[in-house]
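Numbering (the numbering used here), first residue to last: 28 to 482. First the structure, in the form of structure tokens, and then the observations on it.
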């Protein structure tokens, strides 16, 4: 029996229904389930656990089916009578107005007869606001089968205290299989202090409870082994499962609508020659040095009105980059930044770019690198962490941190057509090696099969 946790997907859906990195992996892991399994989630409000059925019959294009699962399960499915109180306790932490609502609720709840009426009124109100996605059913899990395995592929660190309680109670007799995506907060300096502090608690938690860890690169495995060695910990069984090199399938609208058009910001680049950089905008991704590389090229005799396009969500430690772009007028309009590009837009930008630049200081895998190769575009990056491994010998990997050589390769890819064609040929001759999400799911299926044999 495999218990497969989707708590992280539900958590992410409350902020955005767009499928991003970790949530993509969790969804693709679902497709690796076969035989005896249960898909479940934990409510971080109440700590209750629930089985969800019917996902296998739904075409999941985004995270909409997961949005209401927590509150629906806690209010309508759970047998616990105190769940509603816990939600009102949570309201106290969400601002002054919501605290006032919470305080009023608890004042009225002190009177038994009034409490019964107020409970019924709140539940009736919520029933008109909250519904379960068509085709899904939810039931509470009181007990887990001893000897089974629980697969934890999401952001367990977000609710570590709740998971700790489950480890000590319902999951005491279960095997625990964790997915560790990277050790970046432990090994890289380009991470906010609060994230470092969180991972300094999370990684020991994983190593304390894990019977097996899945990582997405040998680089990440070595980081984990090194950490264990340095802390006197015996490393658990660690399996390496590479992620996909390929973008998710484009939306049906893009494929089938003859009148579909990309937004102006994408359309106007179709006849431009540009380098493309994809990834979250933060200091670890090294955009500042990419812009310095670009400025050097911009001021070179070889520059002929090419562009640099950057697509990614702005995160942390970006002040220097923002000033760099602002004070230079985005390098006289030659640098274009898209902070909210859709998957379809990104696929189109990959399609029309000359090559991609991915100068990251450190990665756990490097999805943009693989996506670039899958669409036949050379990728320029440093040979740090997992990136050379993820490139499968098809990328342009520069010794880290040799910026002079990085610039030389950047200029050659942009201006030397013979060299550029050589790089295209390498990708074409080796593209059969690239992995799909189906390959990932199949490997996860094998991992789960091995788990069931152990049980």
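Just so you know, even glycine gets a beta-carbon here, dropped at the ideal spot from N, CA and C.
Below 6 Å CB to CB, which residues in the same chain sit around residue i once its five sequence neighbours on both sides are set aside?
i           : result
residue 337 : 304, 364
residue 327 : none
residue 306 : 312, 339, 395
residue 244 : 392, 413, 416
residue 460 : 419
residue 145 : 135
residue 56  : 180, 471
residue 28  : 63, 172, 175
residue 297 : 379
residue 387 : 312, 313
Who are the Cβ neighbours of residue i in its own chain at under 7 Å, not counting the five residues just before and after it?
i           : result
residue 199 : none
residue 299 : 334
residue 262 : 251, 252, 255
residue 351 : 315, 318
residue 266 : 239, 241, 474
residue 257 : none
residue 427 : 409, 410, 411
residue 301 : 333, 334, 335, 336, 380, 381
Go to residue i, then tell me how far its beta strand (DSSP E) extends in each direction, as first and last residue.
i           : result
residue 384 : 382 to 385
residue 30  : 29 to 32
residue 266 : 264 to 267
residue 68  : 64 to 69
residue 183 : Taken as a continuous stretch (DSSP letters only), residue 183 belongs to no beta strand (DSSP E), as it is neither H nor E.
residue 378 : Taken as a continuous stretch (DSSP letters only), residue 378 belongs to no beta strand (DSSP E), being part of the alpha helix (DSSP H) at 370 to 379.
residue 301 : 301 to 305
residue 77  : 76 to 80
residue 98  : Not the beta strand (DSSP E): residue 98 falls in the alpha helix (DSSP H), residues 96 to 99.
residue 104 : Run containing residue 104: none; DSSP gives neither H nor E here.
residue 260 : No beta strand (DSSP E) holds residue 260; DSSP gives it neither H nor E.
residue 13  : The requested residue 13 is not part of the displayed model; the chain covers only 28 to 482.
Considering only their Cβ atoms, is the gap separating residue j from residue i smaller than 7 Å?
i           : j           : result
residue 179 : residue 205 : yes
residue 67  : residue 168 : yes
residue 362 : residue 319 : no
residue 462 : residue 405 : no
residue 162 : residue 88  : no
residue 78  : residue 176 : no
residue 383 : residue 399 : yes
residue 389 : residue 353 : no
residue 481 : residue 59  : no
residue 260 : residue 207 : no
residue 54  : residue 102 : no
residue 44  : residue 91  : yes
residue 65  : residue 30  : yes
residue 125 : residue 118 : yes
residue 447 : residue 440 : yes
residue 409 : residue 425 : yes
residue 432 : residue 407 : no
residue 69  : residue 120 : no
Need the endpoints of the alpha helix (DSSP H) that residue i sits in, please.
i           : result
residue 292 : 291 to 294
residue 111 : 110 to 118
residue 354 : 346 to 354
residue 337 : Residue 337 -> not in any alpha helix (DSSP H); beta strand (DSSP E) instead, spanning 334 to 338.
residue 323 : 314 to 325
residue 49  : 48 to 57
Cβ of residue i within 6 Å of any heavy atom in the ligand FAD?
i           : result
residue 296 : This structure lacks the ligand FAD, and indeed carries no ligand of any kind.
Could you pull out every residue in the same chain whose Cβ sits closer than 8 Å to the Cβ of residue i, ignoring the five residues on either side in sequence?
i           : result
residue 225 : 184, 212
residue 454 : 400, 403, 404, 405, 421
residue 274 : 370, 373, 374, 377, 398, 401, 402
residue 229 : 183, 184, 187
residue 219 : 343, 344
residue 438 : 324, 327, 329
residue 469 : 59
Strictly under 7 Å for the Cβ-Cβ distance: is residue i near chain D by that measure?
i           : result
residue 153 : The question asks about chain D, but that chain is absent: this structure has only one protein chain.
Worksheet item: Which residue spans inside the region 192 to 251 form an unbroken alpha helix (DSSP H) run of at least 4?
Response: 211 to 214, 220 to 236, all fully within the region 192 to 251.
Worksheet item: Should the region 206 to 219 be called in touch with the region 306 to 316, which here means at least 3 C-beta pairs below 8 Å?
Response: yes
Worksheet entry | Every unbroken beta strand (DSSP E) within the region 402 to 469, with a cutoff of 3 residues, ordered by chain | 406 to 409, 423 to 425
Fill in: the region 89 to 104 contacting the region 155 to 163, beta-carbon criterion three pairs below 8 Å
yes
Worksheet item: Using 8 Å as the Cβ pair cut-off and three pairs as the minimum, do the region 373 to 380 and the region 188 to 196 touch?
Response: no
Fill in: Within the region 119 to 165, ranges of the alpha helix (DSSP H) (whole runs, at least 4 residues)
123 to 136, 139 to 156
Fill in: the region 130 to 139 in contact with the region 37 to 52 per 3-pair CB rule at 8 Å
no
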